[in-house]
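Step one of this worksheet: look at the structure below.
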Amino acid sequence: MDLIFLLGRILFAALFIGSGIGHLTDGENTKAYAKAAGAPARETTVPLTGVMLLVGGLSVLFGVFSDAGALLLFAFLGPAAFLMHAFWKVEEPGIRQIEMAQFMKNISLSGACLIIFWLYSEGEDLPLSLTDSLF
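FYI, in the numbering used here the residues of the sequence shown are 206 to 340.
Structural data, given as structure tokens:
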């Protein structure tokens, strides 16, 4: 079961680590996407959210204060869902459907972040983690 828990963490963290790297290495395209979505302060928020995604993803992946990492990802996902994937504002049906899927993905992953936070904050000794919980 330890390996299943580790595999789940790897699969969960991969999305955030990849997205964080993308925010930091392809910032201009990410800023253009944020501008099209009407997100504020793109010059600051794109690199900041890139760091949030990368640090949160690595934290969960390696089991280093994963409760804090999960909260960091949660803090990103909610605002990103409502600011970047506001499907209710989109008129074109195909794009609206894509944005709705992205919105629902972010909301669902927010729930997973809360579960990870709870697991680490309640768990005495979670397998294959480098540290205990921070909170």
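Glycine included, C-beta positions come from ideal geometry on N, C-alpha and C.
Since the model is a prediction, treat every value here as computed from it, not as a measurement.
The alpha helix (DSSP H) runs lying completely inside the segment 244-296 and spanning 4 residues or more are 247-267 and 271-289, given in chain order. D207 and L277 have their C-alpha atoms spaced approximately 24 Å apart. In the three-state scheme derived from DSSP, where H, G and I count as helix and E and B as strand, F210 is classed as helix.
Note that the C-beta distance between F217 and A273 is not below 8 Å. Ranked by how close their Cα comes to the Cα of I226, the residues A246, A239, G261 and R214 have G261 in first place. Rounded to the nearest whole angstrom, the CA to CA distance from F210 to L324 is 11 Å. When secondary structure is reduced to three states using DSSP, T336 falls in the coil class, being assigned neither helix nor strand. The shortest CA-to-CA distance from A275 to any of L212, F221 and L335 is the one to F221. For the pair F279 and L319, the CB atoms are nearer than the 8 Å cut-off.
A straight-line Cα-Cα distance of about 12 Å links A285 and M305.
Counting every other CB atom within 10 Å of its CB across the protein chains shown gives G243 a total below 16, marking it as exposed. Taking one beta carbon from each stretch, the segment 293-304 and the segment 246-254 have fewer than 3 pairs nearer than 8 Å; the two do not touch. Taking 8 Å as the cut-off, the Cβ atoms of A239 and M289 count as close. Linking F270 to I312 through their CA atoms gives a straight-line distance of about 22 Å.
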